[in-house]
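Residue numbering for the sequence shown follows the working numbering, starting at 6 and increasing by one per position. Structure first, commentary second.
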Amino acid sequence: MPILDLPDARLEYIPDFLSPNEASRFFNGLVDEIPWQEGTVRLFGKEHPIPRLQAWIGDADARYRYSGVDLEPSPWTPLLLEIAEKLSAVRPAVSFNSVLANLYRDGNDSMGWHSDDEPELGDEPTIASISLGATRDFRMRHLRRDDVEPLTLTLEGGSLLLMEGTTQEKWQHSLPKRRGRNSPGPRINLTFRRIFA
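Shown next as structure tokens:
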């Protein structure tokens with residue numbers, strides 16, 4: 006289990022968290038099982054569509070607010086519960102009660118720079134990010150230190166990236182567009198979290 010050595014962050018990358026067969030089964034099942042929506046974010050008082058499909062899923066009291074949008078959780082699906090059980094074997098001390106699912110349909114879909122630092126996540130949250138489907142680049146940059154080089158991780162289908170400690174306080178991350186001949190196929194990202202009501 007490689008632990009990535011970064012200042013002010015605790016990252017662990019497990020490329021083979023799921024076997025290729027498991028990753029394929031979960032991807033194909035979740036495309037149909039998750040209630041995908043075309044979401045919006047509020048920036049400077051205006052609502053803008055986000056460049057991906059998403060769904061907020063979790064326990065009934067796991068309400069979440071980010072970018073001016075309140076998310077009410079949809080109920081857990083059987084496949085997401087199965088993945089959550091596998092995740093609990095890796096981080097038994099963290100009781101994940103929600104997951105933000107993003108479906109990147111192709112290389113035009115993306116996620117801008119942000120930190121998962123909403124108050125509902127508490128101090129030094131553990132974010133467990135599972136990738137299914139196409140391989141995509143995941144970029145990170147330090148918020149306060151110019152002497153720290155930005156980082157690009159290549160997240161493969163079936164992998165798990167754990168972000169813990171002060172990662173969300175000190176770093177931002179993004180998933181950039183990838184167009185042209187190397188435009189990837191669809192990708193699902195599942196970020197499991199613990200919401201404190």
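We put the beta carbon where it would ideally sit given N, CA and C, even for glycine. These figures come from a predicted structure and were not determined experimentally.
Inter-residue spacing [alpha-carbon to alpha-carbon] between residue i and residue j
i	j	result
Phe197	Ala133	5 Å
Leu84	Pro97	19 Å
Gly112	Ile200	30 Å
Gly127	Ser115	26 Å
Leu108	Asp152	34 Å
Asp3	Gly138	In the structure displayed, the chain extends from 6 to 202; residue 3 sits before or after that span and is not available.
Gly162	Asn33	12 Å
Lys182	Asp66	34 Å
Residue i at chain C interface by Cβ criterion, 9 Å
i	result
Ser120	Among the protein chains of the structure shown there is no chain C, as only one such chain exists.
Closest by C-alpha distance to residue i, when choosing among the options
i	options	result
Thr45	Val74, Asp128 and Val95	Val74
Ile19	Leu165, Arg192 and Leu105	Leu165
Arg144	Val36, Asn107, His119 and Asn33	His119
Glu52	Asp66, Ile62, Tyr71 and Ile39	Tyr71
Ile8	Trp176, Glu123, Asp64 and Met168	Met168
Arg15	Trp61, Leu180, Arg183 and Gln173	Gln173
DSSP bridge partner residues for residue i (one or two, in chain order)
i	result
Trp176	His147
Asn107	Gln59 and Asn194
Glu169	Arg15
Glu52	Arg47
Gly138	Arg192
Ile2	Look at the range of the chain in this structure, 6 to 202, and you will see that residue 2 is not part of it.
Ile8	Glu17
Cβ-Cβ distance between residue i and residue j below 9 Å
i	j	result
Thr171	Asp13	yes
Val104	Ala89	yes
Pro54	Ser79	no
Exposed unless 16 or more other CB atoms sit within 10 angstroms - verdict on residue i
i	result
Leu1	No answer is possible for residue 1: the residues shown for the chain start at 6 and end at 202.
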